[in-house]
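Q: First, the structure itself, so that you have it in front of you.
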Amino acid sequence: MLIGSEERPDLAFYYNLEVRKITGYYPTVFHWARAAFASDKISNEEKQNILNALLEFEEQCQPANCYDKSQIQSIIERFPNDAERIRNCYGS
553 MLIGSEERPD
563 LAFYYNLEVR
573 KITGYYPTVF
583 HWARAAFASD
593 KISNEEKQNI
603 LNALLEFEEQ
613 CQPANCYDKS
623 QIQSIIERFP
633 NDAERIRNCY
643 GS
């Protein structure tokens, strides 16, 4: 766990996103995004920005689908207006 990630899970997400672009270990980006989505310390606007950054990253990297369908579904439920893009990105 990153120091301060409980207070600013949005910053933890963006930090991990940049690190994973270098290392290529993608599942943790998804984990940090989900932590940010669950936080009540982050505005809905910032959560939408995180979703957009996550999907852009996933669309560019096209990692193997290594996520549980329930994890994908939880994001779809949180962002129903982006459901089609999320499904297309994760092949759900």
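If you're matching positions, the sequence shown starts at 553 in my numbering and goes up one per residue.
We treat Cβ as the ideally placed atom computed from N, Cα and C, and that holds for glycine.
From a predicted model like this one, the values you see are computed outputs, not experimental measurements.
#1: Have a look at Arg-586 and Tyr-619 and give me their C-alpha separation to the nearest angstrom.
#2: Return the CA-CA distance between Tyr-566 and Ile-602, expressed in angstroms with no decimal places.
#3: Taking 6 Å as the limit between beta carbons, can you name the residues of its chain near Lys-599, skipping five residues before and five after?
#4: Taking only three categories from DSSP, how would you classify Glu-559?
#5: How many angstroms separate the CA atom of Asn-604 from the CA atom of Asn-633?
#6: Which residue's Cα is closest to the Cα of Ile-594: Leu-563, Arg-637, Ile-624?
#7: Under 7 Å Cβ to Cβ from Asn-568, same chain only, skipping five residues before and after it: list those, please.
A: Let me spell this out:
#1: The C-alpha of Tyr-619 is placed about 12 Å away from the C-alpha of Arg-586.
#2: Distance between the alpha carbons of Tyr-566 and Ile-602: 8 Å.
#3: Taking Lys-599 as the centre and dropping the five residues before and after it, the same chain places the C-beta of Phe-589 closer than 6 Å to its C-beta, in chain order.
#4: Coil, per DSSP.
#5: Here the alpha carbon of Asn-604 sits roughly 12 Å from the alpha carbon of Asn-633.
#6: Of the candidates Leu-563, Arg-637, Ile-624, the one whose C-alpha sits nearest the C-alpha of Ile-594 is Leu-563.
#7: Cβ neighbours of Asn-568 within its own chain (closer than 7 Å, five residues either side excluded): Thr-580, Val-581, Trp-584.
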